[in-house]
Amino acid sequence: MHELFEERAARTPDATALVYGEERLSYAGLDAAAARLAGLLVARGVTRGDTVGVCLERSAELAVAVLATLKAGAGYVMLDPGFPPARLRDMAADAGVTAVLARRDAPPGLWTEAAPAPEAMASPEAVPGPDAVAAPEAAPAPEAVASPAAVPGPHVVPAPSAEAPPPGEVAPVLILVEDAAQADPLPRGAVAVAGDDVACVMFTSGSTGRPKGIVAPHRAVTATLTGQGFASFGPGAVWLQCAPVSWDAFALELWGPLLGGGACVLHPGRRPDPVVIARLVAAHGVTSMYLSGSLFNVVVDEYPQAIAGLRELIVGGEALSPPHVARALERHPGLRLSNGYGPVECMVFLTVHRITPEDVRDGRPVPIGEPLNGKRLHVLDERLRPVPDGERGELYAAGAGVARGYCDAALTAERFVAAPSAAGERLYRTGDMARRRPDGVLEYLGRADDQVKIRGFRVEPGEVEAVLTGHPAVDRAAVVAARADTDGERRLVAYVVPGGDRSRPPTEAGLRAHAEQRLAEYLVPAAFVVLDALPLTPSGKLDRAALPEPPRARPATTTAGAGTGHAHGETVRALCALFADVLHVPEAGADDDFFALGGHSLLAARVLGRVRATLGAELDLRTLFDAPTPAALAPHVDAAARMPKAPEAPPRETVDAAAPLPVSPAQARLWFLDRLGAGVAYNLPMLVRLRGEVDADALADALGDVAERHEVLRTVFDEVDGAPVRRVLDGPAARPPFRQVVVGEQELDAALRDAVRRRFDLRGEPPVRAALFSVRERPGEHALLVLAHHIAGDGWSLAPLFRDLTRAYTARTTAVPDGPVLPPLPVPYAEHARRRAARVGAPADPESLAARQIAYWRQRLSGLAPGGPLVPRRQDRPAVPGPAAATLVRRLGAEAHARLLDAARAQGATLFMALHTALAAALVRAGAGEDLAIGAPVAGRAADGGVEDAVGFFVNMLVLRTDLSGDPTARQALARVKEADLAAFAHQDVPFEDVVGELNPARTPGRQPFTDVVLALQNNARAEVGLPGADAGVEVVRTGEARFELLVDVTEETGPGGAPEGLTLTFEYRSGSLEERFVAWLADALPQALEAAAAAPDTRLRELIATGPPRTADQSDAIAAPAAAKTPGAKPATPLEREIAAVWRDVLGVPDVGRDEDFFALGGNSLRAVRVAARLTTAARTATAAQLFAAPTVAALAAELERAPAAAAPAPAPIPRRPRVPRQQDQQSHLGRQQEERPWTSA
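Under my numbering, the final residue of the sequence shown carries the number 1263; numbering is consecutive throughout.
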């Protein structure tokens, strides 16, 4: 093993081999450090064939220690410092450990060491090293103690509290890794090692009550990790080492990349933490990872973002959960997800099966696959005869990778047996039951004995029972694995029968303490139940079914939760409650970090909204980032609460719902887009797969109940002089259209596509409709499509919409309601818009929030080119881009997601900021320039805590401008992005169109200033659906039409508790505008940049992406704004041209218009285009804003209107020039002269 590493170090000495925190070791650096420690080991008497205990926390030193041990010719034994001392001593004794590597600050009491042999102490030149202090029982002569310099040798530190070794047993020598700094390096090849020599001894649970050691030779590791195709270990691969160091998976995660040329990132601490995993994946660009089945389930449920960004993930250690696998594959279609099977005795894996969605369809068990190269598997009966394919049998392993045996020869003889059909071949009896399919793939069928897996650890219940019966107050014990009600994970439950004085039975605390002193943490039962007797079957065996359920554990409390002792006690307590409520945790303590508890920027916005609503304090996101605990935030809350308040909204007025009403700025944007011919780009299709009996009538009624609660779902939009007004429907007209359709299985996809692309008529129909598609060939299988227009909902809205739909359907199917099924909203959408108008104020008022924020944006965006980043565009692109969209999707798994989160949080940033930085790096690499601006939608609900349950479109757009000059490192770039983003978030209240109107940039038809490239992070609460068989949740379907030139839409998936489950990166772009090969490159480059920046934050921005784009953008890709005409030019020649020119003069406020002048060069924009279209529409002719965008001169528009058939579409009645509806303060600007350019939105 070490020789393969040395060859790799000679070929690529400067390549990164190891990353731990801020520490990075190259191959040459790791090799040199290990050589020095190997020299120390040899000098201290370690020889070929010895075993050396490595008692170190996970760190770079740990990797150096195991490599040094191999260089010295010995095998290593991982002695996890977290194990009880008694267990470590048993392991060291069984493995014949002669020396233990540890740090000087290691906890005392683990070892009782003997002094080195006198001849070693008398030969300082042969045994270099620092001062030695002998154990009392082997004290040197007084003069030697008085002259430490004369007595070089190993550190031999007594452990007063440790038990002495049995008579005749030699205790291991303790060698401190710090001493290697002064040692002479061991030359390569100084110790000859063969492939059959011991490389490591690994311990697993033993049924006798004592752990059993498995002796693995070098060839077992190299045969498994080299020359195989189940994973990538070569240059460019970055593996996370997060498995407990005592597992065989440690060898996979460490030696796989180190032997193959990749890099290994070490997870800090003893236990894998999904949050830390997410940070490391993001920070270091981890590409590959291994997770136990139980941890994988937690990650999928709670931390889906932890595996986002991974290229490959192997799950093993126990049977996989098909629903979790299916969910992971669905969320991360680009992830190579594999099921790895293999006991420790066979070195990590015997089989690795790449999982496909078909493997887990209908909840089928996940296959374990076919044997790896050089490994053989036999399915045999009890007489060691092969069983036919499809028949159940026990699995036996042979070939490469099989261990030499156990430390205990008797155990070896029991489990390693002679093959009946091959002379001299040994078989390892796995104890696993399996069957082989006709295609050669193996399926796991369970155990042939009582062995179980707990969180990926192999557990022999007999070992735990043996320890418990050693308690003086216990007569008998039984240990079983049971599934917890809360998360479904297996946990050990111990049932004990008291012995002796039964009036004083053992307590749970006493039993737990007894077990913790002798067992590894994973072997300590989660619950203890005291019984008078164990239930038995008639045959005298334990009756597991009769064992009672263990009592439910009380939730743990947070000691700092009360805020006692803090100066702002009441505020701290209130903030603790708000943190816990928003983060869905049982309690939050005064010193608990909001982001460490799972908070992110969206949840931060939510908690700040509640702070404003309940505590009367208006805070920005930066404050929460700077003071993320209740105790730190409380002074800011109290100070803000004393500040003058913004004007309150006037009392709610009673209005005639049937009369024209003002629209919100967000609704106005969407209405303009619809009038400009956005088509179905702003349809929001939500698909739910259902199984079982569905009451279609009740479902239609339930959708009506939802619309009754959320008036925005029964609102239509009329037009008055080119401006929108809203009208709320009541009665039968307010009921959303609902239809049930029976289709063939082969017709379903086409029917869904057609339904998704049906355009809404916002003037006459509610902005939501639904269809229930039932599959003819599969009774009980349905697809419910709820289609909304974005004017009535955003990404946040999915959760309350489907929550209310579920409640209403349940009420409709269980009882006949005698009143409203759903309660009214505390703050309807329209009331929120009214409140917002009062809070933001008018831009014309210099004291208003709107004026202050516009001043910020004026300064921030000054001098910025409005065309957005320079990117490789098609040379044949049209002047006005069409809506046709193409999409590319990439997946980052939960582990990568967690790494990104961890890396971002380590720098005080959010996932969005990390995404922004990585996208900026990719765009800069593509030629976009260093003064970079992209658009980003924000939820728009932070300031009003009462609208969290409201359906509606609240989103606003921000322009995020970042200076990336000087080729900063990823860390520096993230810091710049963080500052820019936080400043933008603090000025998010003023509508985007007001900002654009104030800046009045040059505009190009069909494009939005500053936002050709948009980054959106969808991290809203998951929409939970309680309809029949709706296990997969809500799918948001794409419509095939683009909203921006390029939208990078990132969906963050999380499980309960906010656990990262992965990221889906969707690249939606206008296929007629951007080069397809550029977007394909970007789709691969963004995950690379994310992972590289997370893995190596000190990497230069231009080095984060290995391969450049197919073509770098140049000036031919620039979008030129129409040049303003210097003179009116030719006069309009025809009556229609003169009519058009007259309308333009009126709308644009210009004295004259020539027939060849460009509407947009004269100051036209989206709103004015709509007004022009409205005024040119007659009973015989329909004009649209889209026509004006396509034909922006008087002459061109006249020709376009003359070509259009008069009967192409029913012409609406002429729009009367009625007096305008009184508007809210903030609408005077966005509906007036300052309304600029085409609006935007995001899913």
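Using N, Cα and C, we set each Cβ at its ideal position, and we do this for glycine too.
query: So, with DSSP's three-state summary, where would you put Ala1126?; result: coil
query: Tell me which same chain residues have a C-beta within less than 6 Å of the C-beta of Gln1207, skipping the five on either side of it?; result: Glu1220
query: So, with DSSP's three-state summary, where would you put Leu16?; result: For the chain, the structure presents residues 21 to 1263; residue 16 sits outside this window and is missing.
query: Cβ atoms of Ile327 and Gly699: under 7 Å apart, would you say?; result: no
query: Report all residues from its chain with a CB closer than 7 Å to the CB of Arg208; omit the five preceding and five following residues, and keep chain order.; result: Glu26
query: If you run the structure through DSSP and keep just helix, strand and coil, what is Phe1277?; result: No statement about residue 1277 is possible, as the shown extent of the chain runs from 21 to 1263 and does not include it.
query: For the beta strand (DSSP E) that Gln537 lies in, which residues bound it at each end?; result: Gln537 -> no beta strand (DSSP E), and no H or E assigned at all.
query: Jot down the residue ranges of each uninterrupted beta strand (DSSP E) in the region 359 to 436, minimum 3 residues, whole runs only, in chain order.; result: 371 to 374, 395 to 400 and 413 to 419
query: Just list the residues that DSSP pairs Gln766 with in beta bridges.; result: Answer is none; Gln766 lacks a bridge partner.
query: Considering only the beta carbon of each residue, do Pro655 and Phe615 sit closer than 7 Å?; result: no
query: Can you say whether Thr982 is buried or exposed, counting buried as having 16 or more other CB atoms within 10 angstroms of its CB?; result: buried
query: Specify, as a first and last residue, the run of the alpha helix (DSSP H) that Tyr15 falls within.; result: Nothing can be reported for residue 15, as the shown portion of the chain is limited to 21 through 1263.
query: Let's see if you can read the secondary structure: which residues bound the beta strand (DSSP E) around Ile1160?; result: Not the beta strand (DSSP E): Ile1160 falls in the alpha helix (DSSP H), residues Pro1155 to Leu1168.
query: Using the three-state DSSP reduction, which class does Glu999 fall into: helix, strand or coil?; result: helix
query: If you measure between the beta carbons of His917 and Ala298, is that distance less than 7 Å?; result: yes
query: Could you tell me the alpha carbon to alpha carbon distance between Ala594 and Leu617, rounded to whole angstroms?; result: 17 Å
query: In or out: Gly712 buried (at least 16 other Cβ within 10 Å) or exposed?; result: exposed
query: Under 6 Å Cβ to Cβ from Thr89, same chain only, skipping five residues before and after it: list those, please.; result: Val72 and Tyr96
query: In chain order, what residues of the same chain lie with their CB nearer than 8 Å to the CB of Leu994, ignoring the 5 residues before and after it?; result: Ala924, Gln927, Ala929, Met933, Ala934, Thr937, Ala1113 and Pro1117
query: With 16 other CB atoms within 10 Å as the buried threshold, where does Leu315 fall?; result: buried
query: Indicate the three-state DSSP secondary structure (helix, strand or coil) for Pro787 in the structure shown.; result: coil
query: To which residues of the same chain is Leu24 closer than 6 Å at the C-beta, ignoring the five residues directly before and after it?; result: Leu279
query: Measuring alpha carbon to alpha carbon, tell me which of Ala35, Leu99, Thr118 and Ala1194 ends up nearest Arg64.; result: Thr118
query: Measuring straight from C-alpha to C-alpha, what distance separates Arg564 and Pro545?; result: 16 Å
query: Please classify Glu1177 as buried or exposed, where buried requires at least 16 other C-beta atoms within 10 Å of its C-beta.; result: buried
query: Candidates His344, Leu60 and Ala94: which alpha carbon is nearest Pro377's?; result: His344
query: Residues in the same chain with beta-carbon distance under 8 Å from Thr833, minus the five sequence neighbours each way, listed in chain order, please.; result: Asp715 and Ala718
query: Exposed or buried, which one is Ala169 when buried takes at least 16 other CB atoms within 10 Å?; result: The predicted position of Ala169 is uncertain, since its pLDDT is 30 and thus under 50; no value can be drawn from it.
query: Nearest by alpha-carbon distance to Leu400: which of Pro391, Arg384 and Ala417 is it?; result: Ala417
query: May I ask you to check if the CB of Gly1082 is nearer than 6 Å to at least one heavy atom of the ligand ADP?; result: Looking at this structure, you won't find the ligand ADP or any other ligand, since it has none at all.
query: Kindly indicate which three-state DSSP category Arg981 falls into: helix, strand or coil?; result: strand
query: If I measure Cβ to Cβ from Glu1285 and keep anything under 6 Å in the same chain, skipping five residues before and after, which residues do I get?; result: This structure leaves residue 1285 out entirely; the chain is present only between 21 and 1263.
query: Please classify Gly249 as buried or exposed, where buried requires at least 16 other C-beta atoms within 10 Å of its C-beta.; result: exposed
query: If contact is defined by three or more beta carbon pairs under 8 Å, each pair taking one atom from either stretch, is the region 260 to 278 in contact with the region 883 to 900?; result: no
query: Mind checking who Ile334 pairs with in its DSSP beta bridge?; result: Tyr310 and Ser358
query: Alpha carbon to alpha carbon, what distance is there between Pro757 and Asp769?; result: 21 Å
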